[in-house]
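Counting the sequence shown from 1 gives a position; full-length UniProt numbering is that position plus 14.
A virtual CB, placed ideally from N, CA and C, is assigned to each residue, including glycine.
Since we're looking at a predicted model, the values are computed, not measured.
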Amino acid sequence: EMSPEEIAFQERIDRNEKIEPKEWMPEGYRKTLIRQIGQHAHSEIVGQLPEGNWITRAPTLERKQILLAKVQDEAGHGLYLYCAAETLGVSRDELLERLHSGDMKYSSIFNYPTLTWADMGAVGWLVDGAAIMNQVPLQRTSYGPYSRAMIRICKEESFHQRQGYAIMMKMANGTPAQKKMAQDALNRLWYPSLMMFGPSDKDSVHSAQSMAWKIKMNTNDELRQKFVDQTVPQAEYLGLTVPDPDLKWNEEKGGYDFTEPDWDEFYQVLKGNGPCNKERLGARVKAWEDGAWYREAMTAHAKKKAARRSA
Ligand code: 3HC
């Protein structure tokens, strides 16, 4: 039932050819990419908020510089990804409008609060760690502009993950009160981090088609398992306990058995009922509205300049 064009397209994907902006592609491929790249861009932009919250309260000048650089990187990633989405024929204004109206999603993780400085460590270690686990394979994704964006973004994400782990090392090896803060941050952010990979494979709507098109390179559960296997030894090195009493090494599968996140909570967060959904979206809408005068001024200025040129 595939058309000759679709068959030829799939053959290109199977040969690992990159698909470029002006080339023919099935409408579903274009739509799925706009959804995924757009959501990814929104995640980077909304993702600035939980950490931006701590820039003015960083404990030292050096920590403040590092955090500031990281949050700026995220702005850059967002803009980079919006550009990649724009090559598919959607405008940035439309993407932002769909974010602000709640029609498009951003990662569930950013609807959780960052309560202490240790959360800056745990966010870098776990959230950026999970982001890299998902994004390294996406460097090989079939759509050229997305794949190239991922290469640069992954380099910066590695720095983010390392800076987070460095904070965790400091806290976990600090005073008993600091170690307690580190453990508390791990307790609160562990399951939300596991949720970043999306629903379990049996409930993932898009995985099969997205993997056939190489928009996704792995299933949600594959990446979640890899993340757990990588992160548990890192927690052990910190002397911290992963908040899962059933976590156990499984020799046969060569990975850990672990407790799945609470999927009801996950779907509640997706529906807008997480602890910070309203605050996060509210902050983005306010930023957009507060910038209206500036966009208007820029447009008026451009018009005036064009009129002068043609006069
Ligand atoms: N948060 C919010 N929504 C999620 C989600 C999550 N953690 N996981 C899944 N969903 C949504 C999907 O978008 C989809 O809803 P939709 O049809 O309305 O779009 C629905 O749940 C079903 O899930 P599927 O598994 O079928 O969806 P996907 O095939 O799109 O897989 C994904 C989800 C693995 C997140 C995939 O979209 C992906 O790999 N995206 C690119 C990576 C990305 O967006 N990362 C953001 C992480 S944060 C970040 O990078 C910022 C950094 O600075 C920390």
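Quiz item: Which two residues bound the contiguous beta strand (DSSP E) that contains Tyr270?
Solution: By one-based count along the sequence shown, residue 270 stands at place 256. Run containing Tyr270: 269–271, per the beta strand (DSSP E) assignment.
Practice problem: List the endpoints of the continuous beta strand (DSSP E) containing Lys193. | Solution: To locate residue 193, count along the sequence shown from 1; it is residue 179. Counting along the chain, Lys193 falls outside any beta strand (DSSP E), though it belongs to the alpha helix (DSSP H) covering 190–209.
Exercise. Note down the Cα distance separating Trp68 from Glu19, rounded to an integer number of angstroms.
Key: Residue 68 sits at position 54 when you count from the first residue of the sequence shown. Residue 19 sits at position 5 when you count from the first residue of the sequence shown. Approximately 51 Å, taken between the alpha carbons.
Quiz item: Among residues of its own chain, excluding the 5 on either side of Glu171, which ones have a beta-carbon nearer than 7 Å to its beta-carbon?
Solution: As a first step, residue 171 must be located in the sequence shown, where it is residue number 157. Excluding sequence neighbours, Glu171 sits near Asp142, Ala145, Ile146, Gln149.
Quiz item: Any heavy atom of ligand 1 closer than 8 Å to the Cβ of Tyr96?
Solution: Mapped onto the sequence shown, residue 96 falls at position 82. False, no ligand heavy atom lies under 8 Å from that Cβ.
Exercise. State the beta-bridge partners of Tyr157 as determined by DSSP.
Key: Here residue 157 refers to the residue found at position 143 when the sequence shown is read from its first residue. Tyr157 is bridged to Ile33.
Exercise. From the DSSP output, read off the bridge partner residues of Lys262.
Key: Numbered from its first residue, the sequence shown carries residue 262 at position 248. Looking at the DSSP assignment, Lys262 forms a beta bridge with Asp271.
Quiz item: Is Pro35 near ligand 1, judged by its Cβ being under 8 Å from some heavy atom?
Solution: In the sequence shown, counting from the first residue as 1, residue 35 sits at position 21. False, no ligand heavy atom lies under 8 Å from that Cβ.
Quiz item: What is the residue span of the alpha helix (DSSP H) that Thr46 lies within?
Solution: As a working note, residue 46 is residue 32 in the sequence shown. That run of the alpha helix (DSSP H) goes 41–60.
Exercise. List in chain order: all unbroken alpha helix (DSSP H) runs of 4+ residues lying wholly within the stretch 120–157.
Key: 131–136, 142–152
Quiz item: Near ligand 1, which residues have their beta-carbon less than 6 Å from any of its heavy atoms, given in chain order?
Solution: Result (chain order): Arg49, Gln50, Gln53, His54, Ser57, Glu58, Gly61, Glu88, Lys119, Ser121, Ser122, Val141, Asp142, Ala145, Asn148, Met209, Met210, Phe211, Gly212, Pro213, Ser218, Val219, His220, Ser221, Ser224, Lys230, Asn234, Leu284.
Self-check item: Residue range of the alpha helix (DSSP H) that includes Thr245
Solution: Reading the sequence shown from its first residue, position 231 is the one you call residue 245. Its alpha helix (DSSP H) spans residues 234–252.
Quiz item: At what residues does the alpha helix (DSSP H) containing Arg71 begin and finish?
Solution: Counted from its first residue, the sequence shown places residue 71 at position 57. No alpha helix (DSSP H) holds Arg71; DSSP gives it neither H nor E.
Quiz item: Which of the three DSSP states, helix, strand or coil, is assigned to residue 361?
Solution: Here the chain has residues from 15 to 325 only, and residue 361 is not among them.
Quiz item: Buried or exposed: which applies to Gln86, given that a residue is buried once 16 or more other Cβ atoms fall within 10 Å of its Cβ?
Solution: Walking along the sequence shown from the start, residue 86 turns up at place 72. In this structure Gln86 is exposed. Its beta-carbon is surrounded by fewer than 16 other beta-carbon atoms within 10 angstroms.
Practice problem: Drop a sphere of 10 angstroms on the beta-carbon of Arg77, count the other beta-carbons inside from all chains shown, and report buried for 16 or more, exposed for fewer. | Solution: Here the question's residue 77 lines up with position 63 in the sequence shown. Label assigned to Arg77: buried.
Self-check item: Close Cβ partners of Phe124 (< 8 Å) along its chain, the five nearest in sequence each way excluded
Solution: Looking up residue 124 in the sequence shown gives position 110. The residues Ser57, Val60, Gly61, Leu63, Pro64, Cys290, Arg294, in chain order, have a CB closer than 8 Å to that of Phe124 in the same chain once the five nearest residues on each side in sequence are set aside.
Self-check item: Endpoints, alpha helix (DSSP H) assigned at Asn187
Solution: In the sequence shown, residue 187 corresponds to position 173, counting from 1. Careful: Asn187 lies outside any alpha helix (DSSP H) and carries neither H nor E.
Quiz item: Alpha carbon to alpha carbon, what distance is there between Gly90 and Arg162?
Solution: Against the sequence shown, residue 162 aligns to sequence position 148. Against the sequence shown, residue 90 aligns to sequence position 76. Each residue's Cα considered, the two are about 14 Å apart.
Self-check item: At least 3 beta-carbon pairs within less than 8 Å: the stretch 188–198 vs the stretch 213–223
Solution: Flag = no, the stretch 188–198 and the stretch 213–223 do not touch.
Exercise. Compute the Euclidean distance between the alpha carbons of Thr313 and Leu109, then round it to the nearest angstrom.
Key: One-based indexing of the sequence shown puts residue 313 at position 299. One-based indexing of the sequence shown puts residue 109 at position 95. Approximately 20 Å, taken between the alpha carbons.
Quiz item: Do Pro247 and Leu200 have their C-beta atoms within less than 9 Å of each other?
Solution: Position 233 of the sequence shown, counted from the start, is the residue given in the question as residue 247. Position 186 of the sequence shown, counted from the start, is the residue given in the question as residue 200. No. Outside cutoff.
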